[in-house]
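A.B. asks: Handing you a structure now.
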């Protein structure tokens, strides 16, 4: 089974991906973790590294190409990333998580140990940077949710409920795959 999980920073994609990977014994690959790791290696915060990526398209292109390649060649995997649902066309299930910018900023502030105001500004800047790059590189409007099978509001639902909704969708997919 091949699952993609997408969503804006702080929407809970990493948390969901890790839980599902463990429960279903699937490999887990996160574009966000790769991006955060590269930012840290460069000694930069995410907003600054996003600006660097704007000036150096090879950063995004490399991460995205690798995720697409692995996703399309692997069977038992969860791919988590902003573009995963767009890039892995042969996924069995494409999930999109949503939460408001304010909610996501609070989560990011806690995760990164920064102020909510700083997290909010970094989030807004990062999203604008990503939206611009994705349109330029791939002609993808990141606000378009049409590639996804299920959109879950992770602000309305707590983590346990988000997992339960995803698992219900996975059960439907597994049943369909058994019939094929």
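Numbering (the working numbering), first residue to last: 85 to 264. No residue lacks a Cβ here, since even glycine has one placed at the ideal position from N, Cα and C. None of the values given here were measured: they were computed from a predicted structure.
Residues in the same chain with beta-carbon distance under 7 angstroms from residue 144, minus the five sequence neighbours each way, listed in chain order, please.
C.D. replies: What you label residue 144 is simply residue 60 of the chain shown in a count that begins at 1. Excluding sequence neighbours, residue 144 sits near 137, 217 and 221.
A.B. asks: Which same chain residues, not among the five before or five after residue 116, have their C-beta less than 8 angstroms away from its C-beta?
C.D. replies: Within the chain shown, numbered from 1, the residue matching residue 116 stands at position 32. 93, 97, 98, 164, 165 and 166, listed in sequence order.
A.B. asks: Quick check: residue 130 and residue 205, are their CB atoms within less than 8 angstroms of each other?
C.D. replies: For the purposes of this step, residue 130 is taken as residue 46 along the chain shown, with counting starting at 1. For the purposes of this step, residue 205 is taken as residue 121 along the chain shown, with counting starting at 1. Taking 8 angstroms as the Cβ cut-off, residue 130 and residue 205 do not qualify as a contacting pair.
A.B. asks: Got a sec, what are the start and stop residues for the beta strand (DSSP E) residue 235 sits in?
C.D. replies: Counted from its first residue, the chain shown places residue 235 at position 151. Run containing residue 235: 234-237, per the beta strand (DSSP E) assignment.
A.B. asks: Kindly indicate which three-state DSSP category residue 150 falls into: helix, strand or coil?
C.D. replies: Counting from 1 along the chain shown, the entry for residue 150 is found at position 66. Helix at residue 150.
A.B. asks: Going straight from the alpha carbon of residue 214 to that of residue 252, what length do you get?
C.D. replies: Position 130 of the chain shown, counting from 1, holds the residue named residue 214. Position 168 of the chain shown, counting from 1, holds the residue named residue 252. Using only the alpha carbons, I get a separation of about 31 angstroms.
A.B. asks: Which residues share a DSSP beta bridge with residue 120?
C.D. replies: What you label residue 120 is simply residue 36 of the chain shown in a count that begins at 1. According to DSSP, which records beta bridges pairwise, residue 120 is partnered with nothing at all.
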